[in-house]
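Engineer: Mind having a look at this structure? Questions to follow.
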Amino acid sequence: MSKPFTISEYKKELFEVKASAFNKLAQEAFLFQISENKVLKQFCSNVHHHFLGTDGTAQFPFLPIRFFKTHPVITESVLPSLFFESSGTTGQDRSRHYVTDSVLYEQSLTNGFENFFGASNEWQIIALLPGYLEQPHASLVYMMRNLMKQSKTGEENFYLYQYEALFNRLQRAESEGIKTLLVGVTHALLDFAENYPKQLQHTFILETGGMKGRRKEMVREEVHTILKDRFCVENIYSEYGMTELLSQAYALKDGVFYCPPWMKVLVRDEDDPFQVRTSGRGALNIIDLANIHSCCFIATEDVGEVYEDGSFRVLGRMDQSELRGCSLMVV
Numbered sequence: 262m263s264k265p266f267t268i269s270e271y272k273k274e275l276f277e278v279k280a281s282a283f284n285k286l287a288q289e290a291f292l293f294q295i296s297e298n299k300v301l302k303q304f305c306s307n308v309h310h311h312f313l314g315t316d317g318t319a320q321f322p323f324l325p326i327r328f329f330k331t332h333p334v335i336t337e338s339v340l341p342s343l344f345f346e347s348s349g350t351t352g353q354d355r356s357r358h359y360v361t362d363s364v365l366y367e368q369s370l371t372n373g374f375e376n377f378f379g380a381s382n383e384w385q386i387i388a389l390l391p392g393y394l395e396q397p398h399a400s401l402v403y404m405m406r407n408l409m410k411q412s413k414t415g416e417e418n419f420y421l422y423q424y425e426a427l428f429n430r431l432q433r434a435e436s437e438g439i440k441t442l443l444v445g446v447t448h449a450l451l452d453f454a455e456n457y458p459k460q461l462q463h464t465f466i467l468e469t470g471g472m473k474g475r476r477k478e479m480v481r482e483e484v485h486t487i488l489k490d491r492f493c494v495e496n497i498y499s500e501y502g503m504t505e506l507l508s509q510a511y512a513l514k515d516g517v518f519y520c521p522p523w524m525k526v527l528v529r530d531e532d533d534p535f536q537v538r539t540s541g542r543g544a545l546n547i548i549d550l551a552n553i554h555s556c557c558f559i560a561t562e563d564v565g566e567v568y569e570d571g572s573f574r575v576l577g578r579m580d581q582s583e584l585r586g587c588s589l590m591v592v
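Every position in the sequence shown, counted from 1, becomes a number in my numbering once 261 is added.
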């Protein structure tokens with residue numbers, strides 16, 4: 262007889278989950294959320310889609326990410342004071358992700374980071390985040406602030422448009438041989454690289470995406486080529502995260518992202534959103550088991566390619582015509 266589901270036991274297993282146990286934990290999360298999350302429950306009822314078994318993650322229903330703009334996607338009856346809000350221009354609807362358990366989120370971001378980069382206290386972490394620092398509920402700023410507290414210096418090192426000050430900071434770090442991670446939004450990194458090119462030996466660059474209308478859109482390969490040329494480095498790292506997720510995927514080489522063990526990316530047909538596969542090209546679906554208090558199963562509006570080993574590339578965003586498939590899920 263299986264033991265009853267409890268949130269506390271689920272969280273104990275979460276960051277130790279093995280690939281062979283992923284589906285089991287995902288099933289537990291779904292059965293809990295279909296009972297406690299009113300939005301997911303109504304969505305599943307509307308589309309007449311029910312959980313079928315445990316032999317494949319493609320069978321889970323995935324909530325269109327747009328629901329975070331229009332509904333409180335949460336398993337609790339009372340909204341918590343902590344929430345993250347997506348960036349956007351004036352008048353745009355913004356996604357809002359309510360965070361009931363900040364400790365769980367901090368565990369997810371720390372374990373995820375250290376899974377790819379090693380101990381956070383081995384790094385000096387610097388963030389170039391104009392457009393995010395000005396927003397009081399940006400999840401990326403919260404994430405960076407927590408990693409900085411755990412870093413080698415324990416200092417908050419945020420920069421807006423102070424490119425000269427940032428350059429001087431990197432100069433000192435380079436001369437002292439300090440292992441540094443510069444995390445930056447794409448348009449700001451490009452601006453900084455154009456104005457302050459420098460050969461970097463001890464500094465690694467992690468771009469988080471986002472032109473936000475500041476520059477012409479570019480594919481990731483083009484961005485990385487410019488940054489590698491300006492800073493004379495072999496690789497540019499990338500982070501794939503979003504307001505609606507409590508976990509992040511990282512690309513350490515060639516723009517290919519890998520997930521932490523408690524996160525998985527699948528691919529759906531752009532015309533038939535219920536056709537979900539473990540590999541191939543199409544729109545991306547995400548299972549983030551850290552999202553236990555909101556929704557673990559999300560249909561994004563990103564388009565990409567998922568490989569047999571679970572790694573993936575992001576190729577772009579769905580346009581309004583491509584969203585027709587997603588709209589089939591909203592009845």
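All residues carry an ideal CB built from backbone N, CA and C; glycine is no exception.
Computed from a prediction, not measured in an experiment: that's the story for all the values here.
What does DSSP give as the partner residue(s) for D549 in the beta ladder?
Structural biologist: The residue given as residue 549 occupies position 288 in the sequence shown. Answer is M524, bridged to D549.
Engineer: Using 8 Å as the Cβ pair cut-off and three pairs as the minimum, do the stretch 262-277 and the stretch 498-509 touch?
Structural biologist: No, they do not touch.
Engineer: In the structure shown, what three-state DSSP assignment does F535 receive?
Structural biologist: Start at 1 with the first residue of the sequence shown, and residue 535 comes out as number 274. Looking at F535 - three-state DSSP - the assignment turns out to be coil, as it is neither helix nor strand.
Engineer: Less than 8 Å separating the beta-carbons of G543 and D530?
Structural biologist: Translated into the one-based positions of the sequence shown, residue 543 becomes position 282. Translated into the one-based positions of the sequence shown, residue 530 becomes position 269. Closer than 8 Å, so yes.
Engineer: Helix, strand or coil for Y498, going by three-state DSSP, please let me know.
Structural biologist: Within the sequence shown, numbered from 1, the residue matching residue 498 stands at position 237. Three-state result, Y498: strand.
Engineer: So within the stretch 347-382, which uninterrupted alpha helix (DSSP H) runs reach at least 4 residues, ignoring any that extend past its ends?
Structural biologist: The stretch 347-382 contains these whole alpha helix (DSSP H) runs: 363-378.
Engineer: Which partner residues does V564 have in the DSSP bridge list?
Structural biologist: In the sequence shown, the residue the question calls residue 564 occupies position 303. V564 pairs with A544 and G577.
Engineer: Can you tell me the Cα-Cα spacing of N418 and M409, whole angstroms?
Structural biologist: Walking along the sequence shown from the start, residue 418 turns up at place 157. Walking along the sequence shown from the start, residue 409 turns up at place 148. Spanning the two alpha carbons is a distance of roughly 7 Å.
Engineer: Please name the residue or residues paired with I487 in a DSSP beta bridge.
Structural biologist: What you label residue 487 is simply residue 226 of the sequence shown in a count that begins at 1. Bridge partners of I487: none, in fact.
Engineer: So, under 8 Å CB-CB, I295 and H554 are touching, yes? Tell me the CB distance rounded to an integer number of Å.
Structural biologist: Within the sequence shown, numbered from 1, the residue matching residue 295 stands at position 34. Within the sequence shown, numbered from 1, the residue matching residue 554 stands at position 293. That belief does not hold up - the Cβ atoms of I295 and H554 are roughly 14 Å apart, past 8 Å.
Engineer: Since A388 sits in a beta bridge, which residues does DSSP pair it with?
Structural biologist: Along the sequence shown, one-based indexing puts residue 388 at 127. In DSSP, A388 forms a bridge with F419 and V444.
Engineer: For M579, which of K302, E346 and P534 has the nearest alpha-carbon?
Structural biologist: As a working note, residue 579 is residue 318 in the sequence shown. Looking at the Cα atoms, P534 is the closest of the given residues.
Engineer: Three-state secondary structure (DSSP) at K272?
Structural biologist: Along the sequence shown, read from residue 1 onward, the residue named residue 272 stands at position 11. DSSP places K272 in helix when its eight states are reduced to three.
Engineer: Using C-beta distances below 7 Å, list every residue in its chain close to R406, excluding the 5 sequence neighbours before and after it, in chain order.
Structural biologist: For the purposes of this step, residue 406 is taken as residue 145 along the sequence shown, with counting starting at 1. Excluding residues within five positions, the ones whose Cβ falls inside 7 Å are E417.
Engineer: Can you grab the Cα-Cα spacing for the pair E455 / V528, in whole Å?
Structural biologist: Within the sequence shown, the letter at position 194 stands for residue 455. Within the sequence shown, the letter at position 267 stands for residue 528. Those two C-alpha atoms are separated by around 36 Å.
Engineer: Quick check: the Cα distance between A282 and F378, rounded to an integer number of angstroms?
Structural biologist: Here the question's residue 282 lines up with position 21 in the sequence shown. Here the question's residue 378 lines up with position 117 in the sequence shown. The alpha-carbon atoms of A282 and F378 are separated by roughly 24 Å.
Engineer: What is the rounded straight-line gap between the Cα of K279 and the Cα of N429?
Structural biologist: The residue labelled residue 279 in the question sits at position 18 within the sequence shown. The residue labelled residue 429 in the question sits at position 168 within the sequence shown. Those two C-alpha atoms are separated by around 44 Å.
Engineer: For R355, I'd like the list of residues in its chain whose CB is within less than 7 Å of its CB, leaving aside the five on either flank, ordered along the chain.
Structural biologist: Locating residue 355 in the sequence shown gives position 94, where the first residue counts as 1. Closer than 7 Å at Cβ, skipping near neighbours: K330, E346, S347 and G349.
Engineer: Mark K514 as exposed unless 16 or more other C-beta atoms lie within 10 angstroms of its C-beta, in which case mark it buried.
Structural biologist: Here residue 514 refers to the residue found at position 253 of the sequence shown. So K514 ends up on the exposed side.
Engineer: Taking E395 as the reference, give the member of S381, E495, Y422 and L343 with the closest Cα.
Structural biologist: By one-based count along the sequence shown, residue 395 stands at place 134. Out of S381, E495, Y422 and L343, Y422 has the C-alpha closest to the C-alpha of E395.
Engineer: Closest by CA to E500, which one among Y519, H398 and R491?
Structural biologist: The residue labelled residue 500 in the question sits at position 239 within the sequence shown. Checked all of Y519, H398 and R491; the closest Cα to E500 is Y519.
Engineer: Does I326 come out as helix, strand or coil in the three-state DSSP assignment?
Structural biologist: In the sequence shown, residue 326 corresponds to position 65, counting from 1. Coil.
Engineer: Beta carbon of F304, beta carbon of L324: below 8 Å?
Structural biologist: For this step, residue 304 is matched to residue 43 along the sequence shown. For this step, residue 324 is matched to residue 63 along the sequence shown. Yes. Within cutoff.
Engineer: Taking all protein chains shown into account, do 16 or more other C-beta atoms lie within 10 angstroms of the C-beta of V339, making it buried, or fewer, making it exposed?
Structural biologist: By one-based count along the sequence shown, residue 339 stands at place 78. Counting Cβ neighbours within 10 Å, V339 comes out exposed, since fewer than 16 surround it.
Engineer: Within the chosen definition, does the stretch 382-398 reach the stretch 441-450 through at least 3 CB pairs nearer than 8 Å?
Structural biologist: Cβ pair count under 8 Å is three or more, so yes.
Engineer: Considering A512, what are the terminal residues of the beta strand (DSSP E) in which it resides?
Structural biologist: What you label residue 512 is simply residue 251 of the sequence shown in a count that begins at 1. Taken as a continuous stretch (DSSP letters only), the beta strand (DSSP E) holding A512 covers A510 to A512.
Engineer: Going by the CB atoms, is the gap between Y498 and L467 shorter than 8 Å?
Structural biologist: Within the sequence shown, the letter at position 206 stands for residue 467. Within the sequence shown, the letter at position 237 stands for residue 498. Taking 8 Å as the Cβ cut-off, L467 and Y498 qualify as a contacting pair.
Engineer: Pull up the CB-CB distance for I567 and F573, whole angstroms please, since I reckon it's below 8 Å.
Structural biologist: In the sequence shown, residue 567 corresponds to position 306, counting from 1. In the sequence shown, residue 573 corresponds to position 312, counting from 1. For the sequence presented, residue 567 should be read as Val rather than Ile. Sure, about 4 Å apart at Cβ, within 8 Å.
Engineer: Measure the alpha-carbon distance for Q385 versus E505 and round it to whole angstroms.
Structural biologist: Indexing the sequence shown from 1 puts residue 385 at position 124. Indexing the sequence shown from 1 puts residue 505 at position 244. If you take the alpha carbons of Q385 and E505, they lie about 27 Å apart.
Engineer: Note down the Cα distance separating L401 from E367, rounded to an integer number of angstroms.
Structural biologist: For this step, residue 401 is matched to residue 140 along the sequence shown. For this step, residue 367 is matched to residue 106 along the sequence shown. Using only the alpha carbons, I get a separation of about 12 Å.
Engineer: In whole angstroms, what is the alpha-carbon distance linking D549 and G502?
Structural biologist: If you number the sequence shown from 1, residue 549 lands on position 288. If you number the sequence shown from 1, residue 502 lands on position 241. Near 11 Å, if we compare the C-alpha coordinates of G502 and D549.
Engineer: Rounded to whole angstroms, what's the CA-CA distance from K413 to E437? Just pull it up for me.
Structural biologist: Taking the sequence shown and counting its residues from 1, one reaches residue 413 at position 152. Taking the sequence shown and counting its residues from 1, one reaches residue 437 at position 176. Answer to the nearest angstrom: the Cα atoms are 14 Å apart.
Engineer: When the Cα of G207 is compared with those of N298, A287, V517 and R481, which residue comes out closest?
Structural biologist: This structure leaves residue 207 out entirely; the chain is present only between 262 and 592.
Engineer: Between the alpha carbons of D490 and L442, how many angstroms are there, rounded?
Structural biologist: Locating residue 490 in the sequence shown gives position 229, counting from the first residue. Locating residue 442 in the sequence shown gives position 181, counting from the first residue. The alpha-carbon atoms of D490 and L442 are separated by roughly 18 Å.
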